[in-house]
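The next block holds one structure in the form of structure tokens; read it before the comments.
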Amino acid sequence: MISIHICEDDPTILTFLQKKITDICMIEDYDFTVETVTTSPQEIVAALSSNPRQGIYFLDVDLKDETMNGFELGKQIRSLDTRGFIVYVTSHSELLTETFKYRLETLDYIPKEDEKHMLERIALCLADINERCKNDKREKKEFFAVQRMNETSYVPLEDIVYFETSTKKHVLNLVAEGAFIEFYGKLADIQEQLGEAFVRTHRSYLVNRSFISGINKQKKLIQLTNGNTVLLSRTKKNEILALLEE
Numbered sequence: 005m006i007s008i009h010i011c012e013d014d015p016t017i018l019t020f021l022q023k024k025i026t027d028i029c030m031i032e033d034y035d036f037t038v039e040t041v042t043t044s045p046q047e048i049v050a051a052l053s054s055n056p057r058q059g060i061y062f063l064d065v066d067l068k069d070e071t072m073n074g075f076e077l078g079k080q081i082r083s084l085d086t087r088g089f090i091v092y093v094t095s096h097s098e099l100l101t102e103t104f105k106y107r108l109e110t111l112d113y114i115p116k117e118d119e120k121h122m123l124e125r126i127a128l129c130l131a132d133i134n135e136r137c138k139n140d141k142r143e144k145k146e147f148f149a150v151q152r153m154n155e156t157s158y159v160p161l162e163d164i165v166y167f168e169t170s171t172k173k174h175v176l177n178l179v180a181e182g183a184f185i186e187f188y189g190k191l192a193d194i195q196e197q198l199g200e201a202f203v204r205t206h207r208s209y210l211v212n213r214s215f216i217s218g219i220n221k222q223k224k225l226i227q228l229t230n231g232n233t234v235l236l237s238r239t240k241k242n243e244i245l246a247l248l249e250e
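Numbering (the working numbering), first residue to last: 5 to 250.
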């Protein structure tokens, strides 16, 4: 989920932008959420300073603030979020070249004069950002290599639901979305290799955290998002409960 931050000195326009951007994200099912809506540039900086991560920023240029204008705010944002997407929505189209002076690498500079055109440009920006994020995710996809005899299979980590011990000696089962693979190995070794993305719920199971949806305390089972269940040991119950509360 990528956070959207909006900074505009006119409260009416600020509310308008919040509603329209939220509507676009909901209609298009983008993995974005409007987090900060403010007339204060300092609030944007504070939010980013306390939680520095990639974001989307819709900024006015003339913020009626004594300490910084929209370009200076953009410069501070860029120092904290080098990969963020900055979009200016402003009445001052004549100041477009200032973005080059501040070296902000903005995604777009949208005039407010024509509301229909402004909303079309905002929608295009969000679509562009969504596509870039999907491409980044594909490029960063990690795989788990399974060696069987003379063949190596590569399974995307995000598709693996869990590993479990088999009734066959020294054999593990890899259960993924659309795949079931038997191979030789030890759960302890795989847990060390994959790190915090997978959690040991029981001596016989190593589960992908993102697939855990709940706990059946009475039956000592973990419910998974794909409808399956796996065993939960008594010693792991509190750890899994804490995970679900995150």
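C-beta atoms are modelled at their ideal positions from N, C-alpha and C, and glycine is treated no differently.
For residue i, the nearest candidate out of the options (CA to CA)
| i | options | result |
| --- | --- | --- |
| Leu-63 | Ile-81, Ile-244, Asn-230, Phe-36 | Ile-81 |
| Arg-213 | Arg-107, Ser-237, Thr-42, Glu-200 | Glu-200 |
| Ala-246 | Gly-189, Ile-17, Val-203, Pro-160 | Val-203 |
| Ile-10 | Thr-101, Glu-47, Lys-240 | Glu-47 |
| Leu-108 | Ile-219, Lys-240, Asp-85 | Asp-85 |
| Lys-223 | Ser-217, Thr-229, Leu-236, Ile-216 | Leu-236 |
| Thr-239 | Gly-218, Arg-207, Val-211, Thr-233 | Arg-207 |
Simplified DSSP assignment, three categories, for residue i
| i | result |
| --- | --- |
| Gly-218 | strand |
| Leu-245 | helix |
| Leu-130 | helix |
| Asn-177 | strand |
| Leu-225 | strand |
| Glu-155 | strand |
| Leu-161 | helix |
| Arg-213 | helix |
| Arg-238 | helix |
| Glu-119 | helix |
Beta strand (DSSP E) segment containing residue i, residue limits
| i | result |
| --- | --- |
| Thr-171 | Element bounds for Thr-171: n/a, residue is neither H nor E. |
| Glu-186 | 183-188 |
| Arg-207 | Run containing Arg-207: none; DSSP gives neither H nor E here. |
Limits of the unbroken alpha helix (DSSP H) element including residue i
| i | result |
| --- | --- |
| Thr-26 | 15-32 |
| Glu-196 | 191-198 |
Length at least 3, wholly inside the segment 41-111: the beta strand (DSSP E) runs in chain order: If we require 3 residues or more, the beta strand (DSSP E) runs fully inside the segment 41-111 come out as 59-63, 89-94.
Contact the segment 28-42 vs the segment 114-132: 3+ CB pairs below 8 Å: The segment 28-42 vs the segment 114-132: in contact.
Cβ pair count under 8 Å reaching 3, the segment 115-122 against the segment 91-102: Touching, yes, given that three or more Cβ pairs across the two stretches are closer than 8 Å.
Inter-stretch contact at 8 Å, needing at least 3 Cβ pairs: the segment 49-69 / the segment 146-163: The segment 49-69 vs the segment 146-163: no contact.
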